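Trainee: Before we start, here is the structure in question, set down as structure tokens.
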Amino acid sequence: MEVRPLLATLCLIIVACVLSVPIEDDIRPYYDLLFVLLGWPLLLSICCAIAPGPWVARLSDFLGTASYAVYVLHIPLLAWTVFLFPALTEPEFAIYAGSVFIVVTVLLSWSLTVYFDQPVQKRLKRWLKAGASGDKAKASSLPEGA
């Protein structure tokens, strides 16, 4: 694997085009099926041959860590944001509010993953492993002291 910035950029442009090109409703199912069965696997195989540079690797690691929490939290956070600050949905604020919302959601998601979810998962795994091994005294003490 080698770093190929031109190929990586081309892959990103293809993804942006596929996701942003307006498609007629009557051919949308065929378009989607074509890309699910052929386009995305081909693009994925090309991307797997590209080694990220150090900056892209760090960014990818950061975004990968935040991704599941973003998936889980973005709709509730958006609903609360619109409820608490309805003026932000006005056209003159929308692009700025949307940009800030994305940044805040990703940072919050990463923080919750690193400082809450991952430590809780570690403790639960140790607790379950201790319980499965039959060491009941150790298992009962782990959640409070771990």
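Following the working numbering, the numbering of the sequence shown begins with 1 at its first residue and continues without gaps.
All C-beta atoms in this analysis are idealised placements derived from N, C-alpha and C, irrespective of residue type, glycine included.
No experiment lies behind these values; they were computed from the predicted model shown.
If you compare alpha carbons, which of Leu59, Val82, Leu43, Pro29 is closest to alanine 16?
Mentor: Comparing Cα positions, the closest option is Leu43.
Trainee: Determine the DSSP secondary structure at isoleucine 46, reduced to helix, strand or coil.
Mentor: Of the three classes helix, strand and coil, the one that applies to isoleucine 46 here is helix, per DSSP.
Trainee: Give the secondary structure of glutamate 2 by DSSP, where H, G and I count as helix, E and B as strand, and everything else as coil.
Mentor: Three-state DSSP puts glutamate 2 in a strand.
Trainee: Over the uninterrupted alpha helix (DSSP H) stretch that includes threonine 89, give me the two end residues.
Mentor: Per DSSP, threonine 89 belongs to no alpha helix (DSSP H) and is neither H nor E.
Trainee: May I ask you to report which of helix, strand or coil DSSP gives aspartate 61?
Mentor: Note: aspartate 61 maps to helix in three-state DSSP.
Trainee: If you drop the 5 nearest sequence neighbours on each side, which residues of the same chain put their C-beta closer than 6 angstroms to that of tryptophan 110?
Mentor: Around tryptophan 110: Thr65, Ala66.
Trainee: Taking the alpha helix (DSSP H) that tyrosine 31 belongs to, which residues open and close that run?
Mentor: Tyrosine 31 -> alpha helix (DSSP H) spans 28-34.
Trainee: Once you ignore the five residues that flank leucine 107 on each side, which residues in its own chain have a CB closer than 6 angstroms to its CB?
Mentor: Contacts found: none.
Trainee: Are the CB atoms of threonine 105 and tyrosine 68 within a distance shorter than 9 angstroms?
Mentor: Contact: no.
Trainee: Which same chain residues end up closer than 6 angstroms to valine 3 when comparing Cβ atoms and leaving out the 5 residues on each side of it in sequence?
Mentor: Answer for valine 3: Ala51, Gly53, listed in chain order.
Trainee: Output needed for tyrosine 96: all residues of its chain with C-beta closer than 7 angstroms, excluding positions within five of it in sequence on either side, in chain order.
Mentor: Nothing meets the Cβ criterion.
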